[in-house]
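Below is one structure; the comments refer to it alone.
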Ligand SMILES: Cc1ncc(COP(=O)(O)O)c(C=O)c1O
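Residue numbers (the numbering used here): 1 to 440.
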């Protein structure tokens, strides 16, 4: 058990909370003050089981001492060295470790601090790649309805969740959206749904309408995560890959959630057998102990950009003060040691049928209208009651009181437990969720 943090808070007002109804929260705060393994602890000391790995990031369980110690050691050895024109060994070591997990050919790693930064970095990389090849006209991006690609302006333009876009719409990059893949005939399907590969032909239509030669890149989450676990229909990603190749468009997989084992393989790319040109990661890379993300590029994309100018040219005018921060690199290396030692990705794959059975068993509840699952991710979608999302919000509040933590979007409850979960943890999650759903 870790030590108890002080919970005496005098003023809740100054902290402007992200993605939260600030006024409601500050009236009835729901805090956590400690975490360990599968559990988060509110100030009253109850254990709340974490069914969503924080926000899909704590794959190795909370408060791993190996990671904390690595970060501590790093901060006492080399706390910071900017990565512009200077290097430190752990950045190179980490990049080399990462490319041991990514698909063959995807082996050049650009470090950032979050998923959102990975998205905007990849957009700029795609523009740069085409520009140095003499195709500056390729300015259009394609993404998908119900997509979440973070909150920076590029990612907002790509995003397909309306509340994230509607207030910020002007002046964004040009993006055309393909239809999402949630089809009514695929309700209650486990894994990749059989219907819907033809939805990838939306990309062909966009190319026919706007000119494939004007499109820079297509962004998709292999399985859409934040909008409620939408696994790709069988054959869908292969078809996107074919159309991208036909038109010389870069295919980008946003694996901020799917990466690092969530889909039952290292990355969604391997789980679904389709290799993108750029692959984005964040979250589980450091087990959330430090902020970090990365864009992993095909070597040919890196070579094209880096070989375009002279030896002394800065090839890509892009980077963050904290790109490859030493403490984040130390956290990621310690996380990957845990992944290797505990075979976490195999463990996730082996646990996923049990997890999926437990969640699909909730389909008898009358408030449930759909359940989707793949790997160690699932969504339970509720019949809306009143305004869309209001039931989900009510459920979300009760879950904390009943001892279950999960991410919800609208009326979809999204589960993505840490990979250290044992069967009894999965049983506990399913039974707590059933209890709350029966209550409402
Ligand atoms: C697919 C995807 N891309 C990007 C992001 C943004 O990541 P961050 O919140 O670290 O900026 C997320 C976050 O959930 C995500 O799920």
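Where is the CB? At the ideal position from N, CA and C, for every residue including glycine.
Please read these numbers as outputs of a predicted model, since none were measured by experiment.
- In this structure, residue 392 and residue 403 do not form a Cβ contact; the two beta carbons are roughly 18 angstroms apart against a cut-off of 8 angstroms.
- Not one heavy atom of ligand 1 falls within 6 angstroms of the beta-carbon of residue 218.
- In the same chain as residue 438, and ignoring 5 residues on each side of it, the C-beta atoms closer than 8 angstroms to its own belong to 365, in chain order.
- For the pair residue 88 and residue 278, the Cα-to-Cα distance works out to about 24 angstroms.
- As the crow flies, the alpha-carbon of residue 382 is around 49 angstroms from that of residue 76.
- Between the beta-carbon of residue 93 and that of residue 333 there is about 7 angstroms, and that keeps the pair under the 8 angstroms contact cut.
- Scanning 216, 86, 260, 31 for the CA closest to the CA of residue 340 turns up 260.
- Residue 114 sits close to residue 293, with the two beta carbons spaced by under 7 angstroms.
- The residues 102, 106, 109, 279, in chain order, have a CB closer than 6 angstroms to that of residue 296 in the same chain once the five nearest residues on each side in sequence are set aside.
- Residue 424 sits exposed, since fewer than 16 C-beta atoms from the chains shown fall within 10 Å of its C-beta.
- Taking the CA atoms as reference points, residue 309 sits about 7 angstroms from residue 315.
- In the three-state scheme derived from DSSP, where H, G and I count as helix and E and B as strand, residue 315 is classed as coil.
- With a cut-off of 8 angstroms on Cβ pairs, the stretch 279–289 is in contact with the stretch 45–63, counting three or more such pairs.
- At a Cβ-Cβ threshold of 7 angstroms, residue 126 and residue 217 count as neighbours.
- Fully contained in the stretch 7–73 are the following alpha helix (DSSP H) runs of length 4 or more, in chain order: 22–27, 53–56.
- Contact annotation: residue 274 and residue 230 have beta-carbon atoms that are not nearer than 7 angstroms.
- By the C-beta criterion, the stretch 368–382 is judged not to be in contact with the stretch 7–22, since fewer than 3 inter-stretch pairs fall below 8 angstroms.
- Closer than 6 angstroms to some heavy atom of ligand 1: that describes the Cβ of residue 221.
- In the three-state reduction of the DSSP assignment, residue 438 falls in the helix class.
- When the Cα atoms are used, residue 413 and residue 25 turn out to be separated by approximately 19 angstroms.
- If you compare the alpha carbons of 405, 203, 43 with that of residue 180, the shortest gap goes to 203.
- The shortest CA-to-CA distance from residue 147 to any of 61, 205, 177 is the one to 177.
- Counted as a single uninterrupted DSSP element, the beta strand (DSSP E) harbouring residue 408 occupies residues 407–409.
- Here residue 176 carries a strand assignment [DSSP, helix/strand/coil].
- Going by DSSP, residue 281 is part of the beta strand (DSSP E) stretching over 278–281.
- Shown here for residue 245: not one same chain residue has a beta carbon closer than 6 angstroms to its own, the five before and five after excluded.
- Contact annotation: residue 78 and residue 326 have beta-carbon atoms nearer than 7 angstroms.
- Here residue 161 is buried: its Cβ has 16 or more other Cβ atoms, across all protein chains shown, within 10 Å.
- As the crow flies, the alpha-carbon of residue 173 is around 6 angstroms from that of residue 157.
- The three-state secondary structure of residue 195, taken from DSSP, is coil.
- Residue state for residue 162 is assigned as helix, using DSSP reduced to three classes.
- Our two residues, residue 65 and residue 38, have alpha carbons roughly 14 angstroms apart in a direct line.
- Residue ranges of uninterrupted beta strand (DSSP E) with 3 or more members, entirely inside the stretch 316–377 and ordered along the chain, are 368–374.
- Shown here, residue 381 sits in a strand according to DSSP, grouped into three states.
- When C-alpha distances from residue 201 are compared across 226, 235, 222, the shortest belongs to 235.
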